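Step one of this worksheet: look at the structure below.
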Amino acid sequence: MRMTKKVTALALAAVLAAASLAGCNGNNDSSSSGSTNSGSTSSNSDGSSSSSQEAEGFSYTGAAPVTDQDGATVSMLAMNSWYSTVDLSKDAQILDEIQSRANVTIDWNMIDPTIYADTVSPMLAAGSDLQDIVQLPDLDSNMSYIKSGMFVALDEHFDSMPNYKKFLDENPNIKAMLTATDGHIYYVPQTVVTNNYQPCMMINVRWLEQLNMSEPKTLDEFVAMLRAFRDNDMNGNGDTTDEIPMSVTSGYLPYLFGPAFGLDLVSGFYADDAGKVHYSYYESENYKAYLEFVKSLYDEGLLEMEYTSLNRDQITSRCAQNTTGVTFDFSWQMSTLYSAQFPDYDGTEPVFKGVGPVSGEYTATTWAETLYPASLA
Ligand SMILES: [Ca+2]
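Taking this note's numbering, the leading residue of the sequence shown gets 2, the next gets one more, and so forth.
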């Protein structure tokens, strides 16, 4: 369809916006969640996009609008917001603005992220009734979607995609990751357009102030803080047993504590100062120390006992009840999700405040002495 190809650049831009707004629940590999232009017919049956546009007298040069024809539409299958109360197809003003400027209307099919893979994978397998643009449910590691022949090689249309082409030229590493083994590029990566797209540790600073404690800088100080949260009636309800020092989902524990042990447990690989590449999960001494540390938190009741099944909604509930002191999440959640649970929060002073990572200025022996002095005697 010529119309589909004409608006390709716009639609991809919209996908980028949608992807960043939706968040990615911790799975933020820049090459993940690829979005691919899905042609309902073979990609080359009607000639190149540029020749089509020249024939129609409109040439997209990278600035809005992307078409001179009113009433243009493009359909898109994408993941909706992780917030159940937010529908990106209706509530995201940035998407309205993009459509307005581009002079194209997007026909959204937004799917709940919790069922996205289960919903979209069968649609891709069936290969029928797919939208023009599809946010893929996985990394297409076997290139099964490409091999299906359903998707257009975007690089064959770069003449009409100047912005995307420029982005790839300026980011050769991303271009390399997106290039398929057949030499073509079918994907658009998820791109983050906010500057707070980083996860961090968040602490209930009201609890800290009640204890007259400072933000912890080391693991020892961090553990001391958790013990204080555990042993005092921080929420003032007369019950000293309902405080949960730390509520962190299991998937975030490596983000939270790996660096303090000199480990990159998120990507796994890192290079030392001499340029030698290591794999964190094989760094036996440090990784063992990390595991023992996390276990000690669990044994002491400093880590929520149900952490393996804990989810964000449950942590939000803990905040609403003022029963948890520490969590870990993407930084914008401080204000939008966690601090917002407190009725007197007015947006000026955080209740859950992001703090820097605790330092690795300690040794396994140091924290072991702190936590298990008897065992070392
Ligand atoms: Ca209490």
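Positions of the beta carbon are idealized from the N, C-alpha and C atoms, including for glycine.
Everything numeric in this text was worked out from a predicted model, so none of it was measured.
M151 places its beta carbon less than 8 Å from that of G128. The beta carbons of L227 and L303 sit about 4 Å from each other, so the pair counts as a contact at 8 Å. Ordered by chain, the residues meeting the criterion of a beta-carbon within less than 5 Å of a non-hydrogen atom of ligand 1 are D234, N236, N238, D240, D243. With contact defined as three or more Cβ pairs closer than 8 Å, the stretch 150-165 and the stretch 181-188 are in contact. Residues of the same chain with a CB within less than 7 Å of the CB of F258, apart from the 5 flanking positions on each side, are Y291, F294, V295 in chain order.
When the Cα atoms are used, I316 and F329 turn out to be separated by approximately 10 Å. For V352, no beta strand (DSSP E) encloses it, and the DSSP letter there is neither H nor E. Cβ-Cβ separation between S340 and F353: approximately 5 Å, consistent with a contact (criterion under 8 Å).
Under the 10 Å beta carbon count, I107 is surrounded by 16 or more other beta carbons and is classified as buried. When only Cα atoms are considered, T219 and V356 end up about 12 Å apart. In this structure the stretch 160-167 touches the stretch 60-70; the number of beta carbon pairs closer than 8 Å is three or more. Across the set I175, M202, S142, A103, the C-alpha of A103 shows the shortest separation from the C-alpha of G72. Judged by beta-carbon spacing, S248 lies within the 8 Å limit of E305, meaning their Cβ atoms are closer than that value. Assigned with DSSP and collapsed to three states, G326 falls in strand. F343: not part of any alpha helix (DSSP H); DSSP gives it neither H nor E. Taken in chain order, the complete alpha helix (DSSP H) segments of 4 residues or longer contained in the stretch 153-211 are 163-171, 173-179.
Around the Cβ of I116, a 10 Å sphere holds fewer than 16 other Cβ atoms; the residue is exposed. The DSSP-derived three-state label of P255 is helix.
Judged by pairs of C-beta atoms under 8 Å, the stretch 238-245 touches the stretch 319-328, as three or more such pairs exist. For S360, the pairing in a beta bridge is given by DSSP as T219. Counting along the chain, the unbroken beta strand (DSSP E) around L78 starts and ends at 73-80. In this structure, F262 is the residue among S85, V267, F262, V278 with its C-alpha nearest to the C-alpha of Y288.
When DSSP states are grouped into helix, strand and coil, V224 belongs to the helix group.
At least 8 Å separates the beta-carbon of P217 from that of V121. Take S90, set aside five residues on each side of it, and the residues of its chain with a beta-carbon closer than 6 Å to its own are W109, M111, in chain order.
The beta carbons of P351 and V206 sit closer together than 8 Å. Burial check for A126: the Cβ neighbour count within 10 Å stays below 16, so the residue is exposed. A272: not part of any alpha helix (DSSP H); member of the beta strand (DSSP E) spanning 270-272, first to last residue. Going by DSSP, M214 is part of no beta strand (DSSP E) at all; its letter is neither H nor E. DSSP places D88 outside both helix and strand once states are collapsed to three, so it counts as coil.
Between E284 and L264 a beta carbon distance of about 6 Å is seen, short of the 8 Å cut, so the two are scored as contacting. Residue state for Y308 is assigned as coil, using DSSP reduced to three classes.
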